[in-house]
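Visitor:
Right under this line is the structure:
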């Protein structure tokens, strides 16, 4: 199978490239033509491809002319739409980095483009592939939790420093609310079976990094159509000097009591005298690897990979509503996302 | 010798009487029910048959009754010229709380709201670090408080207790404000399928400083271990605590219901209730102002009342609107 990687803009691109390069069942080709726009010192282009051990071409036209079966889009958030549409037009199955888009209009257009081209669209939400979450979801599906009443989650991290575009509203679409709301929104979507969000409130500030143009701390409250509430702390509140980027946790309140899951809990911890910092050696499974495998298996089998474009639209709708809530300083209704139910998921 | 007159003999009175006795004061108890049992369980204290007798014989009155009775009892204590400790929330509404504060002011007596979480050592050391600036400017705080739902009765009657927000979550609403200052607006949500008995609520605060806080509370229908946790992050770093993560002993194979063996005491160190009541008692004897004041108690009620209004209107509520 031929797999193309569009752009090294997102920090996850390096992880995907290494994983793809290590596989024996795929050929990999990459392109990162916008690398020159990045600030001096940021990696990219042919040099990064060489470092990652993957083949490289200079333009997306060459990349897509290669005839890839699948394309992984890792560009800046606002460029996802153009790149997904180009990949779909080339007849490739698409895995798009999260968030799918920075507006519901873009997300729906991307979903429509993939549907029109007859190619599947998957959104890169790796946490839903963590074994602890898979187990939670399966046990809930089997009725072990009874009814879920409330969810809360944390997705805290360091302010993204390796790539300046994450904190450039023109390229990212926003800050912490854009970057860190959607993982938990995806997990809630999976647990609740795709029930749409109906009401959203958000509050945010830039107190941790006042020189940035985007919010760096935020709390988003989502009410779903079935009455379940979800509270997300999406803050980039992990200190920059911390030895670990951040993490994600989810708490579930159900008829069966309280369940907490922490996909990043498996770790050996200690202290480094050399580096004067905490040692934190995660030994959990590589979630990117599990997600990529699910995507490639679906492409190979001709099945529809999940989470699909519909999940991308629903999670984008929550973020869009959160920004409307921030602008209007009130709780807002979620614009009904999606007239076109082209995919089930 | 100081005499403390306790009103009420329920759950919180059990915690208070043990602490009062440790502090060496004489304890009187008056309650519609349970006073004899409370005193018998602790081996000291005297049951008195009327409110008037309790007020006339006490130096300090400790109101441990259901929330909806606080105002009348605090006003009676103030009219009798006695300093008052009153369990949280001070009252069910801002209006009642303001009336209680005014009655105590006019009578020249102190009113001490028993926001005991300010005296829990893990919370206390965290606040001290915040107050000393070790975390810099606070940007985001998270608090959770989960426990088994109280049984049927006034706790579950929102009209009487204010429900989970006013009764349980007010601890953390107070604490978030203690750390990050006045609150500008409040958004609350509450779920819980009708009839299931489990209630889960979340209150988000936007402080006037721009700092933000999330406070979660759960009353679980099924029995669960009581658990609290917090994470507080600022420009200078962050602090977190989870009551489930900090056991000072862990046993595996010790005592079981059918077998004697090693069983660690449930709590180590000084009871936060003892710390709290010692501070109130010292103030009554002319000592320093306690770490929590009647005004703090009023502001906590104001935030909780705004949260309840947020539930009704399903929108954010500004504190000014909530007045």
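Residue numbers (my numbering), protein chains in the order written: chain A, 10 to 354; chain B, 2 to 324.
Yeah, the Cβ is synthetic: ideal placement off N, Cα and C, and Gly gets one too.
Using the beta-carbon of each residue, which ones in chain A are nearer than 7 Å to residue 211 of chain B?
Guide: Result: 214 and 216.
Visitor: Are any of the Cβ atoms in chain B nearer than 8 Å to that of residue 244 of chain A?
Guide: yes
Visitor: If you reduce the DSSP assignment to three classes, tell me which class residue 253 of chain B lands in.
Guide: coil
Visitor: Can you tell me which of the three DSSP states residue 351 of chain A falls into?
Guide: Residue placement at residue 351 of chain A is poorly supported in this model, since its pLDDT is 41, which falls under 50; the coordinates still yield a value, given next. Residue 351 of chain A falls in the coil class under three-state DSSP.
Visitor: Could you check whether residue 79 of chain A and residue 12 of chain A sit closer than 8 Å to each other, using their CB atoms as the reference points?
Guide: Annotated as proximal: residue 12 of chain A and residue 79 of chain A, with beta-carbon spacing under 8 Å.
Visitor: Distance, Cα to Cα, residue 257 of chain A vs residue 110 of chain A?
Guide: 21 Å
Visitor: Can you find a C-beta in chain A that's less than 8 Å from the C-beta of residue 324 of chain B?
Guide: Its pLDDT being 47, under 50, residue 324 of chain B is placed unreliably in this model, and the value from its coordinates should be taken loosely. Chain A contact via Cβ: absent.
Visitor: Under 8 Å, Cβ to Cβ, is there at least one residue of chain B near residue 266 of chain A?
Guide: yes
Visitor: Is any non-hydrogen atom of the ligand SAH found closer than 7 Å to the C-beta of residue 91 of chain B, if you look at the structure I gave you?
Guide: Although the ligand SAH was asked about, the structure shown includes no ligands whatsoever.
Visitor: Alpha carbon to alpha carbon, how far is residue 238 of chain A from residue 328 of chain A?
Guide: 15 Å
Visitor: Can you tell me which of A/120, A/62 and A/243 puts its alpha carbon nearest to the alpha carbon of residue 185 of chain A?
Guide: Looking at the Cα atoms, A/243 is the closest of the given residues.
Visitor: Spatial neighbours of residue 177 of chain B within its chain, please: CB distance less than 7 Å, with the 5 preceding and 5 following residues excluded, ordered by chain position.
Guide: 142, 144, 206, 214 and 216
Visitor: Quick check on this structure: which residue in A/263, A/69 and A/272 has the alpha carbon closest to the alpha carbon of residue 95 of chain A?
Guide: A/69
Visitor: Who are the neighbours of residue 248 of chain A on chain B, taking C-beta pairs under 7 Å?
Guide: 238 and 239
Visitor: Tell me which same chain residues have a C-beta within less than 6 Å of the C-beta of residue 158 of chain A, skipping the five on either side of it?
Guide: 262
Visitor: With a threshold of 16 other CB atoms inside 10 Å of the CB of residue 252 of chain A, please say whether the residue is buried or exposed.
Guide: Flag for residue 252 of chain A reads exposed.
Visitor: Please classify residue 72 of chain B as buried or exposed, where buried requires at least 16 neighbouring CB atoms within 10 angstroms.
Guide: buried
Visitor: Quick one: which chain B residues come within Cβ less than 9 Å of residue 164 of chain A?
Guide: By Cβ distance, chain B contributes nothing, its closest Cβ being about 12 Å from residue 164 of chain A, past 9 Å.
Visitor: Just the Cα atoms here: how many angstroms apart are residue 297 of chain A and residue 298 of chain B?
Guide: 49 Å
Visitor: At 7 Å on the CB atoms, spell out the chain B contacts of residue 340 of chain A, in chain order.
Guide: 188, 315, 316 and 317
Visitor: Quick check on the DSSP output: the alpha helix (DSSP H) that includes residue 179 of chain B runs from which residue to which?
Guide: Taken as a continuous stretch (DSSP letters only), the alpha helix (DSSP H) holding residue 179 of chain B covers 171-181.
Visitor: Distance, Cα to Cα, residue 280 of chain A vs residue 118 of chain A?
Guide: 49 Å
Visitor: Taking C-beta pairs closer than 8 Å, name the residues in chain B that residue 208 of chain A reaches, listed in chain order.
Guide: 315
Visitor: How would you label residue 227 of chain B, buried or exposed, when you count the other beta carbons within 10 angstroms and need 16 or more for buried?
Guide: Exposed: under 16 other Cβ atoms inside 10 Å.
Visitor: Who are the Cβ neighbours of residue 215 of chain A in its own chain at under 7 Å, not counting the five residues just before and after it?
Guide: 221, 224 and 225
Visitor: Rounded to whole angstroms, what's the CA-CA distance from residue 64 of chain A to residue 58 of chain A? Just pull it up for me.
Guide: 7 Å
Visitor: How would you label residue 134 of chain B, buried or exposed, when you count the other beta carbons within 10 angstroms and need 16 or more for buried?
Guide: exposed
Visitor: With H, G and I counted as helix, E and B as strand and the rest as coil, what does DSSP make of residue 242 of chain A?
Guide: strand
Visitor: Looking at chain A, is there any beta carbon in it that lies within less than 8 Å of the beta carbon of residue 138 of chain B?
Guide: yes
Visitor: Alpha helix (DSSP H) containing residue 309 of chain B: first to last residue?
Guide: 295-314
Visitor: Answer yes or no: do residue 40 of chain A and residue 72 of chain A have a C-beta to C-beta separation smaller than 8 Å?
Guide: Yes. Within cutoff.
Visitor: Candidates B/47, B/2 and B/289: which alpha carbon is nearest residue 60 of chain B's?
Guide: With distances taken between Cα atoms, residue 60 of chain B lies closest to B/2.
Visitor: Measure the beta-carbon distance from residue 42 of chain B to residue 28 of chain B and round it to whole angstroms, keeping in mind my assumption that it falls under 8 Å.
Guide: No, residue 42 of chain B and residue 28 of chain B are not in contact; Cβ-Cβ is about 12 Å, not under 8 Å.
Visitor: Let me make sure I understand the geometry here. Which of B/241, B/170 and B/140 has the alpha-carbon closest to that of residue 219 of chain A?
Guide: For residue 219 of chain A, the closest of B/241, B/170 and B/140 by C-alpha to C-alpha distance is B/140.
Visitor: Since residue 240 of chain B and residue 130 of chain B should fall inside the 8 Å C-beta cutoff, what is the C-beta to C-beta distance between them, to a whole number of angstroms?
Guide: 6 Å
Visitor: So within the segment 53-141 of chain A, which uninterrupted alpha helix (DSSP H) runs reach at least 4 residues, ignoring any that extend past its ends?
Guide: 54-61, 69-74, 89-98 and 113-126
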